[in-house]
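K.L.:
Quick note: the sequence shown, position 235, residue 510 per the working numbering, numbers continuous. Positions of the beta carbon are idealized from the N, C-alpha and C atoms, including for glycine.
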Amino acid sequence: MAEFDEFGSDYRQRLERSVGPLGSVDSALTSKLRVLQRLAGDINGLERLPILDFGCGAGLLTGLLKQLSPIALGADVSLVSLKHAEPRTGNLVQFDGLRLPLRDNAIAMVVASCVFHHILPEERPSIVGEISRVLMPRGRLVIIEHNPFNPVTRWVVNRCEFDEDAQLLSLAETRRLLSAGGLQADRDGYFYAVPPVRPLLANIDHGLRRLPLGAQYFCAFAKPPPGASAHPAREHH
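1. Going by the CB atoms, is the gap between A468 and G489 shorter than 7 Å?
2. By Cβ distance below 6 Å, which residues in the same chain neighbour A387 in space, the five residues on each side in sequence not counted?
3. Can a CB atom of chain B be found closer than 7 Å to the CB of V427?
4. Tell me D351's beta-bridge partners as DSSP assigns them.
5. What would DSSP say about L486, mapped onto helix, strand or coil?
6. I'd like the ranges of any beta strand (DSSP E) spanning at least 3 consecutive residues and lying wholly in the stretch 383-428.
7. Kindly give me the distance between the Cβ atoms of L410 and K498, rounded to whole angstroms, as I take these residues to be in contact under 8 Å.
8. Within its chain, find whatever has a CB closer than 6 Å to the CB of A495; leave out the 5 residues flanking it on each side and keep chain order.
9. Can you tell me where the beta strand (DSSP E) holding D301 begins and where it ends?
10. Return helix, strand or coil for L357, following the three-state DSSP convention.
11. Could you tell me which residues DSSP puts in a beta bridge with F437?
12. Apply the 10 Å Cβ neighbour rule to A516 and answer buried if 16 or more other Cβ atoms are within range, or exposed otherwise.
13. Per the contact definition of three or more C-beta pairs closer than 8 Å, is the stretch 302-320 in contact with the stretch 371-380?
14. Under a Cβ-count criterion, where at least 16 other Cβ atoms within 10 Å of its own Cβ denotes burial, should N422 be classed as buried or exposed?
15. Where DSSP assigns a beta bridge to A495, which residues make up the other side?
16. Do the stretch 430-450 and the stretch 391-411 touch if we need at least three Cβ pairs shorter than 8 Å?
17. Does DSSP classify I326 as helix, strand or coil?
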């Protein structure tokens, strides 16, 4: 993922050009934030606990995560991207690809937004393991990914210059990956079937979450406390 060094200085502009019919970068970020706000409601005291934006790039989402907790951190392998992040983004650290510079059990919620399709499939389990290491017991890992069954999404990915290495993974694949990593299924669903530019559209989009229509999906798993067993994913209300 260090190839993002090439795009660090103008990442947002390039991304804006690539999203095309899916709307705008801001509408996509708003849609993700709505999903995360619903998921964050189950984490007691999150407003006092740290959140990590894993694979944060230039920190476009990291700054918005401060609406969930003022202790929002970002980590990325691309030092150039981190250097071009806006000053208001917050605390950003470089990830060496192996170990995060964070303590065990330190983070209440980790968000990996459109990151795993850039990670080689054989490397994904070790990344999940490292994220699990820094998660608090009962903390959540939320993976947001492109829906490979949405034809518009595939069109956008195919024309996006920094998605040339993309290996999309389905929601079912993501579930298996996180379950194999010892995490407990929490909830999942699809979103961004319609750009949530108005409250009514946002409600419609939320109502379609069980159907594989959205441009993206979310998959939330929790780090179990010692001795706990896995359970099936819950409906996302």
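P.N.:
According to the data block:
1. On the sequence shown, residue 489 is found 214 positions in, with the first residue counted as 1. On the sequence shown, residue 468 is found 193 positions in, with the first residue counted as 1. Result yes, Cβ atoms of G489 and A468 sit closer than 7 Å.
2. Here residue 387 corresponds to residue number 112 of the sequence shown, with the count starting at 1. Contacts found: F329, G330 and I418.
3. Of the protein chains in this structure there is only one, and it is not chain B.
4. As a working note, residue 351 is residue 76 in the sequence shown. D351 is bridged to Q369.
5. On the sequence shown, residue 486 is found 211 positions in, with the first residue counted as 1. DSSP places L486 in coil when its eight states are reduced to three.
6. 410-421
7. Reading the sequence shown from its first residue, position 135 is the one you call residue 410. Reading the sequence shown from its first residue, position 223 is the one you call residue 498. That pair is a contact at about 4 Å.
8. As a working note, residue 495 is residue 220 in the sequence shown. Result list for A495: L314, R415, V417, D461 and R462, in chain order.
9. In the sequence shown, residue 301 corresponds to position 26, counting from 1. Segment V300 to A315 is the alpha helix (DSSP H) holding D301; no beta strand (DSSP E) there.
10. To locate residue 357, count along the sequence shown from 1; it is residue 82. Here L357 sits in helix by DSSP.
11. Translated into the one-based positions of the sequence shown, residue 437 becomes position 162. Looking at the DSSP assignment, F437 forms no beta bridge with any residue, so it has no partner.
12. Because residue 516 is not part of the residues shown, which for the chain are 276 to 512, the question remains open.
13. Segments in contact, no.
14. Here residue 422 is taken as the residue at index 147 of the sequence shown, counted from 1. It is buried - the Cβ of N422 has at least 16 other Cβ atoms within 10 Å.
15. Within the sequence shown, residue 495 is the residue found at index 220, counting from 1. Answer by DSSP bridge pairing, in chain order: V417 and R462.
16. yes
17. Position 51 of the sequence shown, counting from 1, holds the residue named residue 326. In the three-state reduction of the DSSP assignment, I326 falls in the strand class.
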